[in-house]
Amino acid sequence: MTAVADRITPAVRTLLGGRLPVRLRAWDGSEAGPPDGPVVILRHRRALRRLLWQPNELGLAQAYISGDLDVEGDLGAALGAAWRALRADGGPADGGPARIGPSDALGALGTALRLGVIGPRPPAPGKPARPAGALHSKSRDRAAISHHYDLSNAFYARSLSLYAAEHHGAHVTAVTLAREQRDHVREQIHARGLTDRVTVELRDYRDLTQGPGQEPYDAVSTIEMGEHVGDAEYPGFAATLHRMLRPHGRALVQQMSRGANAPGGGAFIETYIAPDMHMRPLGETIGLLTGAGLEVRSAESLREHYVRTVAAWHRTLEERWDDAVAMVGPATARVWRLYPVGGAPAFAERRMGVDQILAVRPGADGGSGMPATPHDWYATAGTGTAGGGSP
């Protein structure tokens, strides 16, 4: 009887338009493909069933998350080899369907029938996001943010608000839609004796108001929140930043961006990590901020830094893998293993970026109140005194 690996290899080669980029090991122990490099292990025929139902990025990710498919060796190298092969052939690297002809499809179907791969669609593993309601309604945004941040407070042990208060003497009002994050920060506020400096609220940015006698803020920071706002709502978000600042007040927007011709997060990210996330090229975001009356003083790319950052996340996760599995379960741990491994190439290849945009609300006379050169910003960075908000 022909080994499973030998029987599925022709179909895989047709899909990829050439030789296997990795070595395959099937559930019967048989192997095919180049002898060096990472080994992709098909632990169950269900891995192929998932790919038949979803011959794209999400199907491959769900096969891995479920444990039906595994990798022996460097996960990043295996993903990179598969990505390059799919992209070179014009295949489903962008999340679309595989491009194979009718005769190839019939041949693959016959092989699938003989291997017992044909069957009902397997359930999605882990906890895919299924936000309901109108896109970017308050209830749906709350559910999307909760999916991302209400994972485990141990995953987000350090908070920007606490750091700003402890190390820079800031008086901070923090706003979040993640209930567990809010509760965790409140506990830390009391534990660190910061009740006179930090307040954290569970509130949508659209509900931010300034009560009677309340002064506008000296500074506002929004860290990777703008991706979740949505295109139609972003002008209102930018207007809120402007409204909450005093004249000469500063806004620091750290936000993911995408390349001009790049799709953005992709099916895996939007299903398991950040539902309803929308990224735009940097220039479009700058235009929206200036359209709200803010003056952009600086835009700094952190793209290469993020390649190193996500690599560090991955190392930390691998070093504490058993703790992560005990904390959130094997499926969710595998989701967060895929995230940095898949994210690093996206940043390295300019499909995604991360930028810090520093803007100011000009005074009535047009003045900014800003130092004349960036040198002064960095020279005094360690002496911060002004308070700020974080919608």
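So the number in my numbering is just where the residue sits in the sequence shown, counting from 1, plus 13. Ideal Cβ positions, reconstructed from N, Cα and C, are used throughout, including at glycine.
Which whole-angstrom value describes the C-beta separation of Ala377 and Ala305, a residue pair presumed to lie in contact below a C-beta threshold of 8 Å?
The C-beta distance from Ala377 to Ala305 rounds to 17 Å, too long to fall under 8 Å, and the pair is not in contact.
Local conformation of Asp107 per DSSP, three classes:
Only weak support is given to the placement of Asp107: the predicted model assigns it a pLDDT of 44, under 50, and the question is left unresolved by the model.
Count the other C-beta atoms from every protein chain shown that fall within 10 angstroms of the C-beta of Ala18, then say buried if there are 16 or more, exposed otherwise.
Burial of Ala18 is indicated by the presence of at least 16 other C-beta atoms within 10 angstroms of its C-beta.
Spatial neighbours of Arg228 within its chain, please: C-beta separation below 6 Å, excluding the five flanking residues on both sides.
Residue identity differs from the one stated: residue 228 is Glu in this sequence, not Arg. None.
Start-to-end residues for the alpha helix (DSSP H) that takes in Gly296
Here the alpha helix (DSSP H) through Gly296 covers 295-304.
If you drop the 5 nearest sequence neighbours on each side, which residues of the same chain put their C-beta closer than 7 Å to that of Asp81?
Arg56, His57, Arg59, Ala60, Arg63
Given 8 Å, three or more beta-carbon pairs between the stretch 343-354 and the stretch 133-140:
yes
Can you say whether Pro366 is buried or exposed, counting buried as having 16 or more other CB atoms within 10 angstroms of its CB?
The sequence shown places Gly at residue 366, not Pro. Buried: at least 16 other Cβ atoms inside 10 Å.
If you measure between the beta carbons of Val309 and Gly356, is that distance less than 8 Å?
no
Apart from the five residues on each side of it in sequence, which residues of its chain come closer than 6 Å, Cβ to Cβ, to Gly380?
none
C-beta contact flag for Ala187 and Thr212 at 8 Å:
yes
Return the bridge partner residues of Gln369 from the DSSP annotation.
Under DSSP, Gln369 takes part in a beta bridge, and its partners are Gln267, Glu313.
With DSSP as the reference, please indicate the residues paired to Leu173 in a beta bridge.
In the DSSP output, where bridge partners are listed per residue, Leu173 has none listed.
Check: Thr298 C-beta below 7 Å from any heavy atom of the ligand COA:
As far as ligands go, the structure on display features none, and thus does not contain the ligand COA.
Three-way DSSP call (helix, strand, coil) for Gly86 in this model
coil
Nearest-angstrom Cα distance between Ala337 and Ala385?
For Ala337 and Ala385, the distance between alpha carbons rounds to 47 Å.
According to DSSP, is Gly33 part of a helix, a strand, or is it coil?
Reading off the sequence, residue 33 comes out as Leu, not Gly. For Leu33, the secondary structure class from DSSP, reduced to helix, strand or coil, is coil.
Ser79 in three-state terms, based on DSSP
helix
Which word fits Ile54, buried or exposed, when buried means at least 16 other C-beta atoms lie within 10 angstroms of its C-beta?
buried
Please decide whether His57 counts as near chain B, where near means a Cβ-Cβ distance under 8 Å.
Protein chain content of the structure displayed is limited to a single chain, and chain B is not contained in it.
Selection from Gly72, His261, Val52, Ile202 that minimises the alpha carbon distance to Leu88
Val52
So, at 6 Å on beta carbons, what are the nonlocal neighbours of Gln201 in its own chain, with the 5 sequence-adjacent residues on each side left out?
Leu175
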